[in-house]
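Number of protein chains: 2
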Amino acid sequence: MKEFELSKAFELLEPGPVILLSTFYKGRKNVMTVSWHMLLDFTPIIACSIGSYDYSYKALVENRECVISIPAIDLMEKTIQIGNCSGQDVDKFSVFELSTQKGKYVKPQLISDCIANIECQVVDIDLGGYNCIVLKGLAAWINPEKVGSKTFHAKGDGTFVIDGDTIDLKHLMTKWM
Amino acid sequence: MKEFELSKAFELLEPGPVILLSTFYKGRKNVMTVSWHMLLDFTPIIACSIGSYDYSYKALVENRECVISIPAIDLMEKTIQIGNCSGQDVDKFSVFELSTQKGKYVKPQLISDCIANIECQVVDIDLGGYNCIVLKGLAAWINPEKVGSKTFHAKGDGTFVIDGDTIDLKHLMTKWM
Numbered sequence: 001m002k003e004f005e006l007s008k009a010f011e012l013l014e015p016g017p018v019i020l021l022s023t024f025y026k027g028r029k030n031v032m033t034v035s036w037h038m039l040l041d042f043t044p045i046i047a048c049s050i051g052s053y054d055y056s057y058k059a060l061v062e063n064r065e066c067v068i069s070i071p072a073i074d075l076m077e078k079t080i081q082i083g084n085c086s087g088q089d090v091d092k093f094s095v096f097e098l099s100t101q102k103g104k105y106v107k108p109q110l111i112s113d114c115i116a117n118i119e120c121q122v123v124d125i126d127l128g129g130y131n132c133i134v135l136k137g138l139a140a141w142i143n144p145e146k147v148g149s150k151t152f153h154a155k156g157d158g159t160f161v162i163d164g165d166t167i168d169l170k171h172l173m174t175k176w177m
Numbered sequence: 178m179k180e181f182e183l184s185k186a187f188e189l190l191e192p193g194p195v196i197l198l199s200t201f202y203k204g205r206k207n208v209m210t211v212s213w214h215m216l217l218d219f220t221p222i223i224a225c226s227i228g229s230y231d232y233s234y235k236a237l238v239e240n241r242e243c244v245i246s247i248p249a250i251d252l253m254e255k256t257i258q259i260g261n262c263s264g265q266d267v268d269k270f271s272v273f274e275l276s277t278q279k280g281k282y283v284k285p286q287l288i289s290d291c292i293a294n295i296e297c298q299v300v301d302i303d304l305g306g307y308n309c310i311v312l313k314g315l316a317a318w319i320n321p322e323k324v325g326s327k328t329f330h331a332k333g334d335g336t337f338v339i340d341g342d343t344i345d346l347k348h349l350m351t352k353w354m
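Residue numbers (my numbering), protein chains in the order written: chain A, 1 to 177; chain B, 178 to 354.
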């Protein structure tokens with residue numbers, strides 16, 4: 001993993017891919033799958049729909065840190081399986097054979113097989129009572145071998161849409177670029 | 178437009194497509210482009226990153242209603258252009274020749290050329306100070322002629338990724354389906 005400009009990390013999340021979110025709590029690491037997330041600013045500040053019904057919630061509340069990892073389609077089945085079991089019952093890093101490496105700021109580790117990772121600090125819990133946590137990106141990392149790999153998006157019905165072609169419309173971005 | 182089951186409307190937004198958001202204020206309709214949005218629950222409750230720097234903000238604060246429309250790729254260039262000008266200067270519905278029709282609950286209208294529309298009520302403004310509004314879906318509408326059309330996702334750098342193949346992984350959704 002190579003360090004990636006934090007001010008550009010929003011570009012990794014803006015298309016709405018399914019992501020992995022890793023925590024560390026009481027000597028144990030865990031990971032969950034998240035598809036409800038959004039950017040709140042470019043620094044980046046990131047909202048994720050996670051509530052007390054999620055096993056990772058307690059780790060986020062207590063330790064206030066996590067890593068967001070962006071899997072490519074080679075990890076698609078594994079990512080869905082990670083989202084369909086609980087860290088309460090399963091040591092997911094071991095069962096799903098995820099390779100990890102240390103980040104710079106937080107105890108949860110980067111997932112080496114992903115396209116990118118963002119180390120995050122929890123800055124808000126249960127925002128507005130909507131079971132929404134707010135994260136501040138501290139550092140971003142990119143896997144040079146995976147740059148340009150396709151991500152996937154949950155459709156909510158058990159099907160997933162894979163990235164297709166990319167269209168360059170920079171010439172129409174007259175206000176924002 | 179045909180009415181669509183509201184409890185399934187989250188499936189329209191979960192993949193993270195670029196959306197249009199229409200308002201009506203002081204006798205004038207307006208529309209903006211949004212790519213930072215997420216689901217907060219299945220009813221659906223929807224968060225959108227919109228702040229007082231957006232011209233639509235005042236309409237949302239005052240009238241507390243809007244329509245979310247999901248454009249397919251045939252409206253991609255138009256959607257980006259809508260996001261690169263302000264309703265303060267331009268009558269966007271007229272300039273971009275958007276066809277509209279009445280919804281059931283709110284004054285802003287459905288955009289007939291889109292895949293789907295969701296009539297929404299504003300339930301929270303500036304959530305947690307993050308320039309985030311919260312919407313509650315009241316009714317959903319689908320365009321039978323556009324069902325299955327590809328949507329597009331902002332990459333944040335002026336490029337847009339179009340939906341590719343859809344993969345069915347329902348057999349792995351053991352916990353949630």
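Ideal Cβ positions, reconstructed from N, Cα and C, are used throughout, including at glycine.
| query | Secondary structure at residue 34 of chain A, three-state DSSP: helix, strand or coil? | reply | strand
| message | Rounded to whole angstroms, what is the Cα-Cα separation between residue 45 of chain A and residue 228 of chain B? | response | 15 Å
| request: Give the range of the alpha helix (DSSP H) segment to which residue 308 of chain B is assigned. | output: Element bounds for residue 308 of chain B: n/a, residue is neither H nor E.
| query | In this structure, what does DSSP give as the bridge partners for residue 103 of chain A? | reply | Answer is none; residue 103 of chain A lacks a bridge partner.
| In chain B, what lies closer than 7 Å to residue 66 of chain A by C-beta? | None at all; the shortest Cβ gap to chain B is about 17 Å.
| query | How many Å lie between residue 236 of chain B and residue 267 of chain B at the Cα? | reply | 16 Å
| said: Checking 8 Å against the spacing of the C-beta atoms, do residue 96 of chain A and residue 109 of chain A come in under that value? | reply: no
| field | Proximal residues, the stretch 250 to 265 of chain B versus chain A, C-beta separation under 9 Å | value | 250, 253, 254, 257, 258, 260, 261, 262 and 263
| field | Close-in-space but distant-in-sequence residues of the same chain around residue 127 of chain A (CB under 6 Å, 5 per side omitted) | value | 134
| request: Output, in sequence order along the chain, the residues in the stretch 304 to 337 of chain B whose CB is closer than 8 Å to any CB in chain A. | output: 304, 305, 307, 308, 309, 311, 327, 329, 330, 331, 332, 333, 334, 335, 336 and 337
| request: Please go through the same chain and pick out, in chain order, the residues whose beta-carbon is closer than 6 Å to the beta-carbon of residue 232 of chain B, but skip the five residues on each side of it. | output: 263, 264 and 265
| message | Any beta carbon from chain A within less than 8 Å of residue 293 of chain B's own beta carbon? | response | no
| task | Compare the Cα-Cα distances from residue 36 of chain A to each of A:78, A:131 and A:163 and report the closest residue. | result | A:131
| request: Indicate whether the contact test is met: 3 or more Cβ pairs, each with one atom in the stretch 99 to 116 of chain A and one in the stretch 69 to 81 of chain A, closer than 8 Å. | output: yes
| query | Which chain A residues sit within Cβ distance under 9 Å of residue 231 of chain B? | reply | Under the 9 Å cutoff, chain A gives no residues; its nearest Cβ is about 12 Å from residue 231 of chain B.
| Using the C-alpha atoms, what's the distance from residue 211 of chain B back to residue 242 of chain B? | 16 Å
| said: Does the CB of residue 220 of chain B have a neighbour CB from chain A at under 8 Å? | reply: no
| field | Backbone secondary structure at residue 161 of chain A - three-state DSSP | value | strand
| On the three-state DSSP scale, how would you describe residue 206 of chain B? | strand
| Whether residue 40 of chain A touches residue 271 of chain B by CB criterion (8 Å) | no
| request: Note down, in chain order, each residue of its chain lying with its Cβ closer than 7 Å to the Cβ of residue 17 of chain A, except the 5 sequence neighbours on either side. | output: 70, 151, 152 and 153
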